[in-house]
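A.B. asks: One structure, as structure tokens, below. Some questions next.
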Amino acid sequence: MSLHIDKKQITLSTLNKMKANGEKFTCLTSYESTMTSKICDAGIDVVLVGDSLGMVIQGHDSTLPVTMEQLIYHLECVVRGNKGAHVMADMPFMSYATDDMGFENATRLMQAGANSIKIEGGEWISKMASMLSDRGIPVCAHMGLTPQAFNRIGGNFVQGRDPEKREKIILEAVSLEKAGAAMLLLECVPDSLTKEIMSELSIPVIGIGAGPSTDGQIMVVHDVLGISCLEKLPKFVKNYMNESHSIQDALSKYVNEVKSGVFPSTDHTFY
Ligand code: KIV
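For the sequence shown, our numbering begins at 10 and goes up steadily by one.
Written out as structure tokens, the structure reads:
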């Protein structure tokens, strides 16, 4: 007898249907098998094998040191624990710096069991999004705060507050959808910017620190469980262990609060 809950596979078309029906979808990061299984039991729709593993698992102070080999190792662990969630895998820093590298590395992630890949950037990743999409690889474009570029940005802070940057982000999001991006992930942008982007796009948009308007919400699983090693937690983080008696309960509360629109609240939103 299997202890696994039978859950239908969440595909890109499931996420598009959820968007069309106005149903919020839930995402969490995971880096290993057992946590993935617990996350799936809570009803999570999308599991991201994020390069946040560089900080959360490996103890680095940025995502930059993460390699393809390490990402693939964690992806394979996650795939073994998955029970029907859509598995998205991050392309590590510089793994898509050229077209050839992007092709080769995205292929490796898909062959290791990813259902989609995520790349950070704006206009410059349009060509990559288009080429990968044409070849059958769904691409999630990560915009707003892009942690792989924190050295150029000058830190990790809210993006798109000044009119020029705001306009640039909107134009780039639109051009990424046109180029073939299947999803957009918006990190740390003001609520009003998210709303404007949402009104321009038809692909599913996932948010982290982007307010309540996005189609899906994502958090780093360690943050949800209150085991972040950051000294100061970002405003958008909510520790669900504060009001839960078990890890499973905390994960389920996160899912319920995202689905019902309780999270993120104004306390977790940038204005
Ligand atoms: O790497 C990651 O975990 C991410 C999320 C924080 C969105 O990109």
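Even glycine gets a Cβ: it sits at the ideal position worked out from N, Cα and C.
Which first and last residues belong to the beta strand (DSSP E) in which Glu311 is found?
C.D. replies: One cannot answer for residue 311 here, as it falls past the ends of the chain, which runs 10 to 280.
A.B. asks: Within the 8 angstroms Cβ cut-off, does Lys177 reach chain C?
C.D. replies: The structure shown contains no chain C; it is built from a single protein chain.
A.B. asks: For a minimum of 3 consecutive residues, which ranges assigned as the beta strand (DSSP E) are wholly contained in the segment 120-169?
C.D. replies: 125-129 and 148-153
A.B. asks: Identify whether Gly93 lies in helix, strand or coil by the three-state DSSP scheme.
C.D. replies: Counted from its first residue, the sequence shown places residue 93 at position 84. Reduced to three states, the DSSP call for Gly93 is coil.
A.B. asks: For Val198, collect the residues of the same chain with a Cβ closer than 6 angstroms to its Cβ; drop the 5 residues on either side in sequence, then sort them by chain order.
C.D. replies: As a working mapping, residue 198 is identified with position 189 in the sequence shown. Gly153, Gln168, Gly169 and Ala219.
A.B. asks: Between which two residues does the alpha helix (DSSP H) harbouring Cys49 extend?
C.D. replies: By one-based count along the sequence shown, residue 49 stands at place 40. Unbroken alpha helix (DSSP H) run through Cys49: Ser42 to Asp50.
A.B. asks: Check whether the Cβ atoms of Ile178 and Ala191 sit closer than 8 angstroms, and answer yes or no.
C.D. replies: In the sequence shown, residue 178 corresponds to position 169, counting from 1. In the sequence shown, residue 191 corresponds to position 182, counting from 1. No, the pair does not count as a contact, with Cβ atoms beyond the cut-off.
A.B. asks: Express the C-alpha separation of Ala94 and Gly122 in angstroms, rounding to a whole number.
C.D. replies: Position 113 of the sequence shown, counting from 1, holds the residue named residue 122. Position 85 of the sequence shown, counting from 1, holds the residue named residue 94. Using only the alpha carbons, I get a separation of about 12 angstroms.
A.B. asks: Does the segment 254-264 come within contact of the segment 222-235, defined as at least 3 CB pairs closer than 8 angstroms?
C.D. replies: yes
A.B. asks: Which full runs of the beta strand (DSSP E) of 3+ residues lie inside the segment 164-200, going along the chain?
C.D. replies: 192-196
A.B. asks: Can you give me the start and stop residues for the beta strand (DSSP E) that Met228 sits inside?
C.D. replies: Translated into positions along the sequence shown, residue 228 becomes position 219. Taken as a continuous stretch (DSSP letters only), the beta strand (DSSP E) holding Met228 covers Gly225 to Met228.
A.B. asks: Could you tell me the boundaries of the beta strand (DSSP E) in which Thr38 lies?
C.D. replies: On the sequence shown, position 29 is the one that residue 38 refers to. Looking at the DSSP string, the run of the beta strand (DSSP E) that includes Thr38 is Phe34 to Thr38.
A.B. asks: State buried or exposed for Gln226, treating a residue as buried only when at least 16 other CB atoms are found within 10 Å of its CB.
C.D. replies: To locate residue 226, count along the sequence shown from 1; it is residue 217. When all chains shown are included, Gln226 counts as buried.
A.B. asks: According to the Cβ coordinates, are Lys26 and Gly270 closer than 8 angstroms?
C.D. replies: Counting from one through the sequence shown, the residue named residue 26 turns up at place 17. Counting from one through the sequence shown, the residue named residue 270 turns up at place 261. No, Cβ-Cβ distance for Lys26 and Gly270 is not below 8 angstroms.
A.B. asks: Can Ser184 and Ser135 be called in contact, C-beta distance under 8 angstroms?
C.D. replies: Translated into positions along the sequence shown, residue 184 becomes position 175. Translated into positions along the sequence shown, residue 135 becomes position 126. It is a contact, given that the beta carbons lie within the stated cut-off.
A.B. asks: Are Thr38 and Gly59 closer than 8 angstroms when you measure CB to CB?
C.D. replies: Within the sequence shown, residue 38 is the residue found at index 29, counting from 1. Within the sequence shown, residue 59 is the residue found at index 50, counting from 1. For Thr38 and Gly59, yes; Cβs fall inside 8 angstroms.
A.B. asks: Is it buried or exposed, Pro243, if we count other Cβ atoms within 10 angstroms and call 16 or more buried?
C.D. replies: As a first step, residue 243 is located in the sequence shown; it is residue number 234 there, counting from the start. Label assigned to Pro243: buried.
A.B. asks: Check whether the Cβ of Leu194 sits closer than 7 angstroms to any heavy atom of the ligand KIV, and report yes or no.
C.D. replies: The sequence position of residue 194 within the sequence shown is 185, counting from 1. True, at least one ligand heavy atom lies under 7 angstroms from that Cβ.
A.B. asks: Since Gly216 is in the alpha helix (DSSP H), which residue starts that stretch and which ends it?
C.D. replies: Within the sequence shown, numbered from 1, the residue matching residue 216 stands at position 207. Taken as a continuous stretch (DSSP letters only), Gly216 belongs to no alpha helix (DSSP H), being part of the beta strand (DSSP E) at Val214 to Ile217.
A.B. asks: The ligand KIV and Val183: does the residue's C-beta get closer than 7 angstroms to at least one heavy atom of that ligand?
C.D. replies: The residue you call residue 183 lines up with position 174 of the sequence shown. When distances are taken from the beta-carbon of Val183 to the heavy atoms of the ligand KIV, even the shortest one reaches 7 angstroms or more.
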